[in-house]
Amino acid sequence: MRKAYVAGLAAGISFIAMGAAQAVEIEYWQYVFDSRVQAMDQLIEKFQAANPDITVKQTTFPYADYQTRVVAAKVAGQGPDVVQLFYGWTDQFVNGGLIQPLDPAVFPHAEIESDFFPIVSAMKRGEDYYGLPTAVRSLALFYNKAIFAEAGIEAPTTLDELLAAAEATTKRDGAGNITTAGITMDMAGQDHHWWREVLIRQNGGAPYDAEGNVAYNDAAGAAALKFYTALQTEKNVGLVGFMDEGQAAFRAGMAAMTIDGTFRLGAFADNPFEWGVVELPADANGLRSNYSSYFANGIGATSTGEELAAAQKFLQYISSPEAMEIWLNTVGELPARRDVALTEANLADPIRGPFLKGLEYAHTTQFYDEAAQRQTAIDMVNRVLLEGQSIEDSIAQAATAEQAIIDQGRQ
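Numbers 22 to 432, taken from the working numbering, label the letters of the sequence shown in order.
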């Protein structure tokens with residue numbers, strides 16, 4: 022189909038002048054996550070039914086290999102026409118020439134800024150937007166209702182109640198080893214966000230200053246890290262590496278609580294027990310905080326001509342209200358458009374409601390290299406838990422390492 026397009030140009034033939042729609046195939050890339058792939062399959066089917074002249078081929082890769090595959094395709098002069106990317110990868114994708122700016126004639130900035138939640142601004146560089154989300158995420162506390170009922174307790178609303186609930190629901194063997202965790206500990210999952218954007222703020226600090234530089238190498242950052250690591254070292258209610266991943270432990274019924282995002286709703290739907298969701302616990306003064314994020318869809322840098330036009334049309338559809346409703350029902354992630362998300366039904370829903378409320382006081386971290394910055398947090402906790410390094414020394418080392426990543430990203 023691409024060859025036909027090139028041949029047509031070489032012959033000086035205008036497809037518009039021919040007066041007949043020409044078939045075109047475009048590629049959509051995203052990483053492997055079952056409910057997300059299923060949702061995109063539905064969207065592609067609906068889009069193709071309405072646009073029979075466009076075929077969309079979905080290609081997926083494991084999360085760990087995803088960015089590498091996008092880069093390799095660009096180097097080879099190929100790649101997707103529409104590509105999914107985490108908002109925290111935007112600088113890497115823009116600087117690497119992997120995506121192109123959205124045409125404001127097709128995606129008017131005024132409409133983007135009035136219709137989407139404000140966090141869409143994280144996709145803007147200079148005067149250009151480089152992508153649009155279908156859904157947004159926030160965090161909440163998932164809890165196993167059966168384990169809580171057995172312990173005779175209610176879901177926690179404060180950090181003190183969280184600690185009490187974790188202690189009441191942890192099960193240990195005769196040697197004191199955890200067999201069922203009160204709460205999961207997984208910095209590689211969502212806990213690095215909980216520590217950075219929630220616990221630090223609840224201890225009176227801020228993760229970054231007004232210029233975006235690291236600001237957590239202080240008493241607030243140390244107190245937040247102390248609270249987190251003490252779940253293992255002092256309270257013995259959680260264990261890093263327990264069943265490998267926090268979400269896996271919760272799905273298996275081997276953890277009473279886990280902090281995770283809206284994207285887990287689809288995956289947790291098949292859990293063999295009843296579970297509930299509440300807002301992230303407030304501090305003793307009632308202060309709440311949260312972290313919001315999203316994956317966006319952008320136009321691949323190599324997409325041109327009729328493929329570009331088709332890609333733009335597809336991006337318009339997958340960021341439409343209809344697509345967001347499908348994504349919400351299949352994946353569980355919240356619609357990125359205000360009017361689709363903030364309905365009375367969604368706000369009153371016992372599962373969706375806590376996530377939507379979390380968006381009201383959420384912060385969106387400005388990442389320069391999300392994977393590398395996440396790793397500094399993982400390493401920080403591991404030095405304390407596995408190597409016995411002091412809280413102060415480990416957080417100072419993390420701050421130095423992350424600041425270097427930020428400085429590099431600004432160059």
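Quick reminder that beta carbons are idealized off the backbone N, C-alpha and C, glycines included.
Just so we're clear, the structure is a prediction, and the values are computed from it rather than from any experiment.
- For the 8 Å Cβ check, are there 3 or more pairs between the stretch 231-251 and the stretch 375-384? For the pair of segments examined, the stretch 231-251 was found not to touch the stretch 375-384: the number of CB pairs separated by less than 8 Å stays below three.
Rounded to the nearest angstrom, what separates V104 and A417 at their Cα positions? In this structure, the alpha-carbon of V104 lies about 37 Å from that of A417.
Would A393 pass as a contact of E295 if the rule is Cβ separation under 9 Å? Cβ atoms of A393 and E295: not closer than 9 Å.
Residues bridged to T179 [DSSP beta-bridge criterion]
For T179, which the question treats as bridged, DSSP gives the partners A303.
| query | Buried or exposed: where does P228 fall if 16 or more other Cβ atoms within 10 Å of its Cβ makes it buried? | reply | Burial is judged here by how many other beta carbons sit within 10 angstroms of a residue's own beta carbon; P228 has at least 16 and is buried.
Burial state of Q268 (16 or more Cβ within 10 Å)
Classification for Q268: buried.
| request: For V235, write down the residues that DSSP places opposite it in a beta bridge. | output: DSSP, once it has assigned bridges, lists Y229 as partnering V235.
Task: Short Cβ contact (9 Å threshold) for E218 with S340 - done: It is not a contact, given that the beta carbons lie outside the stated cut-off.
Cβ atoms of G321 and E48: under 9 Å apart, would you say?
Result yes, Cβ atoms of E48 and G321 sit closer than 9 Å.
| query | Nearest-angstrom Cα distance between D86 and M208? | reply | Taking the straight line joining both Cα atoms gives about 20 Å.
Point to revise | Separation of L406 from F271, as counted between CA atoms | key: Put simply, the backbone Cα of F271 is about 22 Å away from that of L406.
Discussion item. Quick check on E423: buried or exposed, where buried means 16 or more other Cβ atoms within 10 Å of its Cβ?
Written reply: Buried, because 16 or more other Cβ atoms sit within 10 Å of the Cβ of E423.
For A31, collect the residues of the same chain with a Cβ closer than 7 Å to its Cβ; drop the 5 residues on either side in sequence, then sort them by chain order. Per-residue confidence for A31 stands at a pLDDT of 33, beneath the threshold of 50, marking its modelled position as unreliable; the derived number appears in the next sentence. None.
Self-check item: Residues of its chain near T250, where Cβ-Cβ distance is below 8 Å and the 5 sequence neighbours each way are ignored
Solution: If we look at T250 and ignore the five residues flanking it on each side, its Cβ neighbours are V402, V405, L406, I412.
Enumerate in chain order the residues of its own chain whose CB-to-CB distance from D304 is below 6 Å, with the five nearest sequence positions on each side excluded. Within the same chain, D304 has close Cβ partners L180, Q223.
Range of the contiguous alpha helix (DSSP H) that encloses N165 = In this chain, N165 is not harboured by any alpha helix (DSSP H); it is covered by the beta strand (DSSP E) spanning 160-165.
- prompt: With which residues is W296 paired in a DSSP beta bridge?
  reply: Assignment of beta-bridge partners to W296 by DSSP yields N165.
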